[in-house]
Every structure is written in C-alpha cells, then in structure tokens.
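This report refers to the structure that appears directly beneath it.
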Amino acid sequence: MACSVSAGGEPASLDEGQSALEGGECPLLGEEAIEHTCIHASVGPFVTVTAGADPATTTTDVSAEHTAYTVNLVSSGAGFGGAVLYTPDGDGDFAIFLDPSVNVSVLDSSGTPVAVEEDVSIDPAECSSLSRALVVELSSAETYTIVFEPGSEQSALVLIENLAEFNAPEGILLTAARSYDPPSWVVAEEGVEHPFTFELPGEIPVVSGNAGKGWVVFAHREGESDPLTYCFYQGGASVWHPTTPAGIAAGEKYEFVACTDGAVPGDDVVADHFKLSVLKGDRLAGTTTVELLILDEGCGGHEHEH
C-alpha cells in the first residue's frame, strides 16, 4: 500500500514519508488500516446523510463504526460545506478518511480546533475509493464537530477508524521448561518474518515450579548469519530450595545478570530469532517452567508520544 505522510498541512511527498521512516519515526496510519478502510469504502455498509449548515447546531452524526458515509454538503455563498458530529468509541488516534480530498477541520466540544497529527495522501492506484486521511487524537468523553470548509465538491465520502484496532504490537510467547526426574528440557525457539524491536527484560517470570537460585538463558540474533547473543538470568532466591514465604516469592522469577554484548535491561534490541532455555531451577518444587512475552515496539505497533 503506497501513501505519503506529513504531520499536518498539505499531504507530504513519498520521499518525505520514506525519510521519516528511515529516521526512526513510525507513521501513525499504517497499511493495514488503509487496506481495511478501502474495503469498507468499496463494499459498505453505506449511509447517506446531509451535513448541517451551522457547526454550532448540526445534529448530523457519523459515529457508526466501519461505515462509509456519503455526506451531502449544503450550499453557501462561498461554495458547498457544512458540519457533522462524531463521538469516538475510545481514546487515542483516529483516522478520518475522505474522498475526494476536501478540506476539513475538527473541533472539540468547546470549539477548539484539534491538531492534525498526520495528513496522509493515498495513492489512487492502491485505493481508488479514498484520497486522503487525517489522523487526530480524540477522547471518548467528547463529541467532535467535523467542519467541511466551503468548496466546489457537493458531497464527500467519510469513514472514521479507531487506529487502536490496527496498531496493537505483534508479539511471540516463549515457553521453556526443565524437568528433573527423569531429566528433560523443553527449549523454546522461534523466528519471525521481520525483525522485532523490543526492550531487553529485567526478569523472566516462573509460571510453575520455582527458580531457586538456578539459571535461565535467553538468546537472540538478527539475521541467519549473525551469532547469537546470550543473556543470563539467575533465580531470585538465595538457596536452591527455598522454603520460607519470602524465599519462595523471590524464586518466582529469574533476574537479569549479564548479556554477552553488554546490553542491559531497558535497552532496545532488534532480533528476528529467539531462544529460551531453563538450565536449572528448584528440582524439589517440580518442573520449572518460564514464559517470556516479546512485543515488537517497532512501526508495527510502537506507541508514540504526543
């Protein structure tokens, strides 16, 4: 899906959008949301409404989810315009898709304009039913007024999507175990199609058994030709078989010790291959099982700061 993006104003060029990505900035409006909305723009459901002439008194509502609204605009001395109401179903970023590329502004309940975070121009070769999308941050506690500035277009297609439905981070869950009688291991090893960006964890939780003062190894790499980086975690208890409540609680996790590349908890790590192994735990507490959830914080689902 090809599109260009800017932080408000006129739609950016594709080169500017690509430069933003290469500079580490993640677009708020991703391909999945555009593809999804393009389907609704083509097959519906469809609703036709007429915009109110006065933004202060309009009652025309376009809040239904996943709905393509044809908004008939009203004639004024300067052209065709009007206003509609929208109440979001959550808090966060929303995309207002338009066709044709008419100019609109979004006002909160006090009449204050809402800042446009991204103004995206959609390639007609990729989606002929949509021309433009404005990304704005909205609150479910507000009802917003979308004002169509006077122009030559007599109607506009409008679809509004909650981007939280599309920007959830990808993730994998690694589950590894060590049994003791007889001895056996379950080693978790997973690869992903594209590299994940994630924070190196400070601890790895135990979901059954107890860590004691045993060891877990978490390894990762980026690319088949790269060597594995090994990160070592030690059980939080001070003895192999804790029996006090405090000792048992301390053994419910493995705590970070060191990585072979010098990384520390909180550092951003990029990898596409992961391996998790339980070397030792509290054998008297039964099978030691650990789980590690790795979430991709890259452009697939990175939460941005406003």
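Numbers given in the numbering used here equal positions in the sequence shown, counted from 1, plus 2.
Glycine is no exception: its CB is placed at the ideal position from the N, C-alpha and C atoms.
Here the structure is a predicted model, which is why all the values come from computation and not from measurement.
Glycine 283 and tryptophan 242 have their alpha carbons spaced roughly 7 Å apart. For histidine 42, the enclosing alpha helix (DSSP H) has its first and last residue at 33-45. At least 7 Å separates the beta-carbon of leucine 159 from that of threonine 89. Less than 7 Å separates the beta-carbon of phenylalanine 150 from that of glycine 83. In the DSSP assignment, phenylalanine 150 is bridged to Gly84, Val106.
Beyond the five residues adjoining it in sequence on each side, phenylalanine 234 comes within less than 7 Å, by CB distance, of Trp217, Val219, Val259, Ala260 in the same chain, given in chain order. In this structure, DSSP gives alanine 179 an extended state, which the three-state scheme calls strand.
Taking the Cα positions, glutamate 144 is about 38 Å away from valine 271. From the listed residues Tyr232, Tyr146, Ile98, the smallest Cα separation to serine 123 is found for Ile98. Of the candidates Gly264, Thr62, Asp91, the residue whose Cα lies closest to the Cα of serine 141 is Asp91.
Boundaries for glycine 214: no alpha helix (DSSP H) harbours it, and the DSSP string shows neither H nor E there.
Taken atom to atom, the span from the alpha-carbon of leucine 75 to that of alanine 135 is near 19 Å.
Per DSSP, glycine 249 is one residue of the alpha helix (DSSP H) stretching across 247-252. Short of 6 Å from the beta carbon of histidine 196, and not among the five residues preceding or following it, lies no beta carbon of its own chain. If you draw a straight line from the Cα of glutamate 119 to the Cα of isoleucine 36, it comes to about 16 Å. Alanine 158 carries a strand assignment under DSSP once its states are collapsed to helix, strand and coil. Of the residues Ala179, Val208, Ile174, the one whose Cα lies closest to the Cα of glutamate 192 is Ile174. As DSSP reads the structure, glycine 288 sits in no beta bridge.
Within 10 angstroms of the beta-carbon of glutamate 33 lie fewer than 16 other beta-carbons, which makes it exposed. Separation of aspartate 183 and glutamate 254 (C-alpha to C-alpha, rounded to the nearest whole angstrom) is 21 Å. DSSP places glycine 225 in no beta strand (DSSP E); its state is neither H nor E. Between leucine 297 and leucine 176, the C-beta spacing is not below 7 Å. At a Cβ-Cβ threshold of 7 Å, leucine 161 and alanine 70 count as neighbours.
Taking each of Glu205, Ser210, Ile250 in turn and checking the Cα distance to leucine 295, the smallest one comes out for Glu205. DSSP, read as helix, strand or coil, puts glutamate 167 in helix. If you look at threonine 59, you'll find it isn't in any beta strand (DSSP E); DSSP assigns it neither H nor E.
In this structure aspartate 110 is in contact with tyrosine 146, their Cβ atoms being roughly 6 Å apart against a cut-off of 8 Å.
The three-state secondary structure of glutamate 139, taken from DSSP, is strand. In this structure, the alpha-carbon of proline 152 lies about 16 Å from that of threonine 60. Setting aside the 5 residues that flank it on each side, valine 108 is surrounded in the same chain by Val116, Val138, Tyr146, Ile148, each with a C-beta closer than 6 Å to its C-beta; the list follows chain order. Counting along the chain, proline 185 sits inside the beta strand (DSSP E) bounded by residues 185-188. Closest by C-alpha distance to threonine 50, out of Asn105, Trp187, Ser157, Cys129, is Ser157.
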